[in-house]
Amino acid sequence: MKRRVGILTPKTTLESCYAEIVEQLAKDPDIELILLHDRGAPKPSTLHEKSYRFLFGLEKKVLSKISSEVRTHTPDVDITGLFHTETILISGHYGTNSLTYSPKDLTAIQNAGLDLILHLDTEYPLAGEIVETGAKDGIVGMFTARKTAFWQTYRQEDSVSFSIEQYKKGNNRVLITGALNTMRFVTEMRVRLIRESGAFLIRFIRAYAKSGQLDFRTHPNPTLFDTEAPATPKVSQQLHYILNTGILFGKLIFKRVLLRQQSRFGVAFLWKNWEDAKLSQGVEIKTPDNHFYADPFVWKQENRVVCFLEDYDYTTHLACVTAVELFEDGSYTILGEVVKEPFHLSFPYLFTYENELYMIPESTASESIRLYKCTAFPMQWEYQYDLMKDVRAADTMLFPYEGRWWMLTNISTENNYDQAAQLYAFYSDSPLSTEWKPHRANPVAFSSAYGRNGGILFTREHIPVRGRQKQKFNIYGAAFSIAKIKELTPEKFCEETLAEIEPRFFPGIEATHHIHSHGDITVYDFMRQERVH
Numbered sequence: 064m065k066r067r068v069g070i071l072t073p074k075t076t077l078e079s080c081y082a083e084i085v086e087q088l089a090k091d092p093d094i095e096l097i098l099l100h101d102r103g104a105p106k107p108s109t110l111h112e113k114s115y116r117f118l119f120g121l122e123k124k125v126l127s128k129i130s131s132e133v134r135t136h137t138p139d140v141d142i143t144g145l146f147h148t149e150t151i152l153i154s155g156h157y158g159t160n161s162l163t164y165s166p167k168d169l170t171a172i173q174n175a176g177l178d179l180i181l182h183l184d185t186e187y188p189l190a191g192e193i194v195e196t197g198a199k200d201g202i203v204g205m206f207t208a209r210k211t212a213f214w215q216t217y218r219q220e221d222s223v224s225f226s227i228e229q230y231k232k233g234n235n236r237v238l239i240t241g242a243l244n245t246m247r248f249v250t251e252m253r254v255r256l257i258r259e260s261g262a263f264l265i266r267f268i269r270a271y272a273k274s275g276q277l278d279f280r281t282h283p284n285p286t287l288f289d290t291e292a293p294a295t296p297k298v299s300q301q302l303h304y305i306l307n308t309g310i311l312f313g314k315l316i317f318k319r320v321l322l323r324q325q326s327r328f329g330v331a332f333l334w335k336n337w338e339d340a341k342l343s344q345g346v347e348i349k350t351p352d353n354h355f356y357a358d359p360f361v362w363k364q365e366n367r368v369v370c371f372l373e374d375y376d377y378t379t380h381l382a383c384v385t386a387v388e389l390f391e392d393g394s395y396t397i398l399g400e401v402v403k404e405p406f407h408l409s410f411p412y413l414f415t416y417e418n419e420l421y422m423i424p425e426s427t428a429s430e431s432i433r434l435y436k437c438t439a440f441p442m443q444w445e446y447q448y449d450l451m452k453d454v455r456a457a458d459t460m461l462f463p464y465e466g467r468w469w470m471l472t473n474i475s476t477e478n479n480y481d482q483a484a485q486l487y488a489f490y491s492d493s494p495l496s497t498e499w500k501p502h503r504a505n506p507v508a509f510s511s512a513y514g515r516n517g518g519i520l521f522t523r524e525h526i527p528v529r530g531r532q533k534q535k536f537n538i539y540g541a542a543f544s545i546a547k548i549k550e551l552t553p554e555k556f557c558e559e560t561l562a563e564i565e566p567r568f569f570p571g572i573e574a575t576h577h578i579h580s581h582g583d584i585t586v587y588d589f590m591r592q593e594r595v596h
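Under the working numbering, the first residue of the sequence shown is numbered 64, with each subsequent residue one higher.
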């Protein structure tokens, strides 16, 4: 039997990022969609409401010229053709901070015999009887409002949050929450939020259609149905947003065009275990012209200490894995390329198993997690096979923990190639396996403040400590934290933050996003704005 799912929206033409959600659900053979068309949405009446609509209409037009994502996912799409039943016309009462419906409208909704209502494309939290009796299993909504994105972008906060929640008979329940690093433009931020959260919404509703159950996550602070609608910014605040955006672009042009500077990562090493290391005492490895070095991993074998790192070429816009031999007196020798493919490689993660050394470099462009084996340390490596296929995964790490081998990796959703926030866990009996079972709570972390892997460390008791990138406003890899894994089972994942590392240890650096240690040697990276040649 099909699940009857109502789509509650104030418009029959939606931005394509919303329309894509409806289109995907309409294709599901287990779902019957019913359109709940709310014609009561108020039109802008005050000066700041009118200017707000004009400003972001203009921003969308401008960004459509330069951003393929905005150009593709913001045009309006008529969704009426996706519904094969009669449209239910209703007219909501839009209060200052809530949306309610009349007894007549409620009767029409109840008579539709809905299993679930999806609340799309609205700024107003639902209230009143509709959340109690509108559908058998209540209402599910995405909290990704335009004005929420505005305020967090306006304040240049490090992240913008979203949640997907259900309300049923007085109980708020969270399906998932996430936080993405804040971008320069409100329109870009909204599109990204909607596409990221929409991918999960589709996944949850499809699973619900088959099982009749929604997959809940516990969360202490539900946000959708008990939060006031964000206020429309005043004209002065809108002008301030324009000014801030102009300043950001001015700085970018000044650095790129006049100073000819790029964001350039470099690598340093320190002859200390990470628990005793002072990063300011490290030795910087000089990076060749037109290149940057990043994502270092260090290994000691056969009385040699070698750092394997991402070697990015600004000319080809691709990277390979390069080896650098390190010496205790602070000197080093660049040995050269060790793994190179026609696609981009980075994050050359190292591990041993049955006395063999292996590498898993990031190979997102190949849509696989590739395994390489060292046949002659440190320069000869051979590709073995794919641990996973048909996956866009970044910064994959493997390690043993309490009787299992665990894989932690950053995977992009179906609708977005961003990999800076979602952390996925898988487990197997062997690190060489091609059969990996997913963690029950995947993604086990969803935050741009700590989701992305940034290297791995181990305590003296061999407990894994995860390096965690921290993205900030309009900055990728701005800083990192380290967190000890407290619990990792097929059902649970828990970390304890040990330290936060900001880019203050070398003069002139603006970012740092990776650390690794093997024995008494620690390697890490940093970023400066500088000329690349």
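For each residue, glycine too, the CB sits at the ideal point set by N, CA and C.
The three-state secondary structure of E259, taken from DSSP, is helix. Residue nearest to W334 within the set L322, E86, S394 and V595 is S394 (criterion: CA-CA distance). By the Cβ-count criterion, A562 is exposed, with fewer than 16 other Cβ atoms from all chains shown falling within 10 Å of its own Cβ. The Cβ atoms of L145 and A89 sit closer than 8 Å to each other.
By the Cβ neighbour-count rule, G309 is exposed, with fewer than 16 other Cβ atoms within 10 Å of its own.
Taking the Cα positions, T522 is about 14 Å away from P463.
From the listed residues S426, E554, Y377 and K436, the smallest Cα separation to K452 is found for S426.
Per the Cβ contact rule, the stretch 269-280 is not in contact with the stretch 146-154 (fewer than 3 Cβ pairs under 8 Å). If you check the CB distance, S154 and R102 come in under 8 Å. Contact between W444 and V387 does not hold, since the beta-carbon distance rounds to 15 Å and is not under 8 Å. The three-state secondary structure of Q344, taken from DSSP, is helix. For D481 against R255, the beta-carbon gap comes to about 7 Å, under 8 Å, which counts as contact. Closest option to D588, judged by alpha-carbon separation, among A175, A504 and E373: E373. A straight-line Cα-Cα distance of about 48 Å links A439 and E220. Residue pairing by DSSP places H354 opposite D376 in a beta bridge. For Q219, the secondary structure class from DSSP, reduced to helix, strand or coil, is coil.
Going by C-alpha positions, G241 is about 17 Å away from V249. Within the DSSP bridge table, the entry for W468 names P463 and S491 as partners.
Only residues of its own chain outside the window of five on either side were considered, and among them D221 and A541 have a CB closer than 6 Å to the CB of K535, listed in chain order.
Straight-line measurement puts the Cα of F543 at about 12 Å from the Cα of R567. A straight-line Cα-Cα distance of about 13 Å links V298 and W214.
Secondary structure at W214: helix, using DSSP grouped into helix, strand and coil. S299 sits in a helix when the DSSP states are folded into three classes.
Uninterrupted beta strand (DSSP E) stretches at least 3 residues long and entirely within the stretch 89-121 occur at 94-101, given in chain order. The continuous alpha helix (DSSP H) containing L169 extends over residues P166 to N174. Secondary structure within the stretch 360-421: the beta strand (DSSP E) runs of 3 or more consecutive residues, fully enclosed, are 367-376, 381-389, 395-402 and 409-416 (chain order). Membership of I193 in the alpha helix (DSSP H) is indicated by the continuous run I193 to T196.
Per DSSP, the continuous beta strand (DSSP E) segment holding S580 begins and ends at I578 to H581.
V361 is not a Cβ neighbour of V528, given a cutoff of 8 Å.
As a beta-bridge residue in DSSP terms, P501 pairs with F489.
The secondary-structure analysis by DSSP pairs S511 with nothing; it has no beta-bridge partner. Cβ-Cβ distances below 6 Å link T350 to G329 and Y356 in the same chain, with the five nearest sequence neighbours on each side left out; the list follows chain order.
The count of Cβ pairs closer than 8 Å, one atom from the stretch 406-414 and one from the stretch 366-380, reaches three, so the stretches are in contact. Less than 8 Å divides the Cβ of I142 from the Cβ of T75. Excluding five sequence positions before and after A428, the CB atoms of its chain that fall closer than 6 Å to its own CB belong to F406 and H407, given in chain order.
Proximity of the stretch 175-193 to the stretch 119-137 falls short of the contact definition, fewer than three beta-carbon pairs being nearer than 8 Å.
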